[in-house]
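As structure tokens, the structure follows; a few thoughts come after it.
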Amino acid sequence: MVTDKRRSYTKPVQALAPDADHRAHKGLNNRIENSHRPTRKREKIMGRFKSPRQAQRFLSAHDQINTVFRPRRYTLSAASYRRARADAFGLWQDYTGEMNA
Numbered sequence: 001m002v003t004d005k006r007r008s009y010t011k012p013v014q015a016l017a018p019d020a021d022h023r024a025h026k027g028l029n030n031r032i033e034n035s036h037r038p039t040r041k042r043e044k045i046m047g048r049f050k051s052p053r054q055a056q057r058f059l060s061a062h063d064q065i066n067t068v069f070r071p072r073r074y075t076l077s078a079a080s081y082r083r084a085r086a087d088a089f090g091l092w093q094d095y096t097g098e099m100n101a
């Protein structure tokens with residue numbers, strides 16, 4: 001079990017799981033905390049809306065658009081990234097053209 005360096009965690013961990021390997025170090029917890037980052041980001045955005053329903057409607061559309069416009073750069077070469085962005089903008093122009101017609 002990995003926790004941060006708070007001493008108050010030691011006794012509860014020993015009481016709940018006496019055989020567990022408890023590691024308390026500030027650097028070991030970073031991978032776990034970073035996995036929650038997208039969730040935290042969404043919560044921050046949702047706090048700016050007037051109602052949870054409005055926030056949910058926006059975020060569901062935003063997530064779909066975001067996946068098109070922000071390809072994962074670490075897996076692509078620069079040329080592939082530029083091509084993906086150009087394709088995304090082409091799709092967006094087609095979609096907005098249909099909405100305005």
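Residue numbering for the sequence shown follows full-length UniProt numbering, starting at 1 and increasing by one per position. Virtual Cβ for every residue (Gly too), placed ideally from N, Cα, C.
8 Å contact criterion, which phenylalanine 58 and phenylalanine 69 should meet: CB distance rounded
The pair is not a contact, with the Cβ atoms about 15 Å apart (cut-off 8 Å).
May I have the straight-line CA-CA distance separating methionine 99 from aspartate 87, to the nearest angstrom?
19 Å
Among Ile65, Gly47, Ser51, Gln14, which has the Cα closest to the Cα of phenylalanine 89?
Ile65
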